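Remarks on the structure that follows.
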Amino acid sequence: MPVIKIAPSFLTADLGHIADEVRAVEAAGADYLHLDVMDGHFVPPISFGAIVIEAFNKVTELPLDVHLMIERPERQVESFVEAGADILNVHAEVCEDLPTIIAQIKALGCRAGVALNPETAISAVEGSLAEIDQVLVMGVNPGWGGQGLIPETIGKIRDLRAKLNERGLRTDIEIDGGVKVHNAAECAAAGANVLVAGSVVFNKDASAADNMRDLRAALAAADPET
Numbered sequence: 009m010p011v012i013k014i015a016p017s018f019l020t021a022d023l024g025h026i027a028d029e030v031r032a033v034e035a036a037g038a039d040y041l042h043l044d045v046m047d048g049h050f051v052p053p054i055s056f057g058a059i060v061i062e063a064f065n066k067v068t069e070l071p072l073d074v075h076l077m078i079e080r081p082e083r084q085v086e087s088f089v090e091a092g093a094d095i096l097n098v099h100a101e102v103c104e105d106l107p108t109i110i111a112q113i114k115a116l117g118c119r120a121g122v123a124l125n126p127e128t129a130i131s132a133v134e135g136s137l138a139e140i141d142q143v144l145v146m147g148v149n150p151g152w153g154g155q156g157l158i159p160e161t162i163g164k165i166r167d168l169r170a171k172l173n174e175r176g177l178r179t180d181i182e183i184d185g186g187v188k189v190h191n192a193a194e195c196a197a198a199g200a201n202v203l204v205a206g207s208v209v210f211n212k213d214a215s216a217a218d219n220m221r222d223l224r225a226a227l228a229a230a231d232p233e234t
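Residue numbers (this note's numbering): 9 to 234.
Shown next, in the form of structure tokens:
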């Protein structure tokens with residue numbers, strides 16, 4: 009199993025104490041910070057924009073994995089890259105010309121990711137796999153944290169990894185939504201090498217640092233090399 013990266017999602021974090029929350033997950037070994045941008049149109053909630061991405065960029069050296077759950081993402085790509093996004097994920101469902109927006113992101117020196125909603129088939133990105141740095145597979149319906157993993161997600165990840173392997177591609181597969189201590193190893197075994205961890209990290213039951221350690225321990229128990 010490849011090295012598994014954990015990307016805490018700040019959708020459920022205390023945004024009133026960004027620096028403290030960031031320091032906690034940094035100390036616990038986070039690999040990325042996952043930041044969800046929602047516009048109230050593509051998904052009902054509204055979260056935050058480029059100015060908040062810039063605020064995160066000022067308090068961490070970790071890569072910022074920015075997930076644009078917005079309509080017309082091509083209009084906003086430049087502002088989010090300028091704000092500090094290291095990986096910019098756009099949704100296949102709203103990209104009429106996916107190759108062009110992928111090229112737009114990469115021309116700005118940013119890694120390009122494409123997200124797939126649960127009902128969206130892998131075929132939506134199959135023609136662009138060689139250009140994509142990361143495929144983000146939604147494990148829940150987008151918009152809210154704390155949901156349970158849709159069971160069919162595991163098979164979707166497995167099929168996607170098989171298609172990438174057939175092409176000799178080492179593209180990252182990121183699973184976003186529903187990742188918990190009890191299923192993290194299953195997601196990784198299916199082929200996901202980046203796990204977005206939201207409510208499993210940021211909750212009232214334990215500290216973010218302790219929750220991160222529990223998640224790492226679950227992965228290590230399944231694969232001691234993780």
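The C-beta atom is built at its ideal place from N, Cα and C for all residues, glycine as well.
Since we're looking at a predicted model, the values are computed, not measured.
Bridge-paired residues (DSSP) for residue i
{"i": "Val122", "result": "Val98, Val143"}
{"i": "Val74", "result": "Leu43, Leu96"}
{"i": "Arg184", "result": "The amino acid at residue 184 is misidentified as Arg; the sequence shows Asp. According to DSSP, which records beta bridges pairwise, Asp184 is partnered with Met146, Val204."}
{"i": "Ile54", "result": "Asp47"}
Residue range of the beta strand (DSSP E) that includes residue i
{"i": "Leu203", "result": "202-205"}
{"i": "Pro16", "result": "13-16"}
Other residues of its chain near residue i: CB distance less than 8 Å, five sequence neighbours each side excluded
{"i": "Ala229", "result": "Ala193"}
{"i": "Ala226", "result": "Val189, His190, Ala192, Ala193"}
{"i": "Lys171", "result": "Ile130, Glu134, Leu137"}
{"i": "Arg175", "result": "Leu137, Ala138"}
Bounding residues of the alpha helix (DSSP H) (the contiguous stretch that carries residue i)
{"i": "Ser87", "result": "85-91"}
{"i": "Ala113", "result": "Checking the displayed sequence, the identity of residue 113 turns out to be Ile instead of Ala. Counting along the chain, the alpha helix (DSSP H) containing Ile113 begins and ends at 106-115."}
{"i": "Arg221", "result": "216-230"}
{"i": "Thr276", "result": "Because the chain here runs from 9 to 234, residue 276 falls outside it and cannot be looked at."}
{"i": "Arg178", "result": "Arg178 -> no alpha helix (DSSP H), and no H or E assigned at all."}
{"i": "Asp28", "result": "26-35"}
{"i": "Ala192", "result": "192-198"}
{"i": "Ala132", "result": "131-134"}
Exposed unless 16 or more other CB atoms sit within 10 angstroms - verdict on residue i
{"i": "Ile59", "result": "exposed"}
{"i": "Pro150", "result": "buried"}
{"i": "Ala198", "result": "buried"}
{"i": "Ala35", "result": "exposed"}
{"i": "Leu43", "result": "buried"}
{"i": "Val51", "result": "buried"}
{"i": "Glu29", "result": "buried"}
{"i": "Ala6", "result": "Only positions 9 to 234 of the chain appear in this structure, which leaves residue 6 out of reach."}
Spatial neighbours of residue i in its chain, beta-carbon cut-off 7 Å, leaving aside the 5 residues before and after
{"i": "Ala93", "result": "Ile61, Leu72, Val74, Cys118"}
{"i": "Val45", "result": "Ser55, Phe56, Gly57, Val74, His75, Leu76, Met77, Ile78"}
{"i": "Ile26", "result": "Ala63, Phe64, Val67"}
Close Cβ partners of residue i (< 6 Å) along its chain, the five nearest in sequence each way excluded
{"i": "Leu116", "result": "Val89"}
{"i": "Gly156", "result": "Gly186"}
{"i": "Cys32", "result": "At residue 32 the sequence reads Ala, which differs from the Cys that was named. For Ala32, where only same-chain residues beyond five positions count, the Cβ hits under 6 Å are Ala216, Ala217."}
Contact belief for residue i with residue j at Cβ below 8 Å, rounded distance in angstroms
{"i": "Val208", "j": "Ala15", "result": "Val208 to Ala15, Cβ: 12 Å. No contact."}
{"i": "Glu101", "j": "Val145", "result": "Contact doesn't hold; Cβ gap of about 13 Å is too wide."}
{"i": "Gly153", "j": "Ser17", "result": "7 Å"}
{"i": "Thr20", "j": "Phe210", "result": "4 Å"}
{"i": "Ile12", "j": "Ala196", "result": "5 Å"}
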